[in-house]
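Participant: Residue numbers (our numbering): 53 to 207.
Glycine is no exception: its CB is placed at the ideal position from the N, C-alpha and C atoms.
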Ligand SMILES: [Zn+2]
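(1) For residue 115, is the beta carbon positioned less than 6 Å from some heavy atom of ligand 1?
(2) If you drop the 5 nearest sequence neighbours on each side, which residues of the same chain put their C-beta closer than 7 Å to that of residue 211?
(3) Among the residues of its own chain, which have a CB less than 6 Å from the CB of residue 207, if the five just before and after it don't count?
(4) Give the DSSP bridge partners of residue 161, in chain order.
(5) Quick check: the stretch 142-150 against the stretch 117-133, are there 3 or more CB pairs under 8 Å?
(6) Would you mind sorting residue 96 into buried or exposed? The rule is 16 or more other CB atoms within 10 Å of its CB.
(7) How far does the alpha helix (DSSP H) with residue 98 in it extend, from its first residue to its last?
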């Protein structure tokens, strides 16, 4: 597989690679990235078909540890996480919409407090909040509902 090959209709492999590099990309990683891109296709459709730009996909261990805000055991290391921006939507809006369907889609959603959204395919469909300094908090159902109420009403 080449970086320019498509994983799904709207996402090429290169979009998940840092600088288009195939370093560390095993066949297992490709399988995971394919699963991830299919999930992103569902997300794209669910959010109204706005273009999605991946800002970080697969990371090598060296790259991940060089990112100050990255989690140690990040799902990005396995090709099971994507950071992205959705044109025309603010991250909190995107995150609220995804929280509402996380169990249906089988995704974990992060409140990043940044200009991007992170989703990953860990087995549990949790919502966690990035508190900075590599600290994270898992949201309760009540907190998730409150976030959706606060940000989810905007179309
Ligand atoms: Zn991420």
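Facilitator: On the basis of the coordinates in this document:
(1) no
(2) It is not possible to answer for residue 211, since the shown part of the chain is limited to 53 through 207.
(3) Residue placement at residue 207 is poorly supported in this model, since its pLDDT is 44, which falls under 50; the coordinates are not used for a value here.
(4) 171 and 179
(5) no
(6) buried
(7) 79-98
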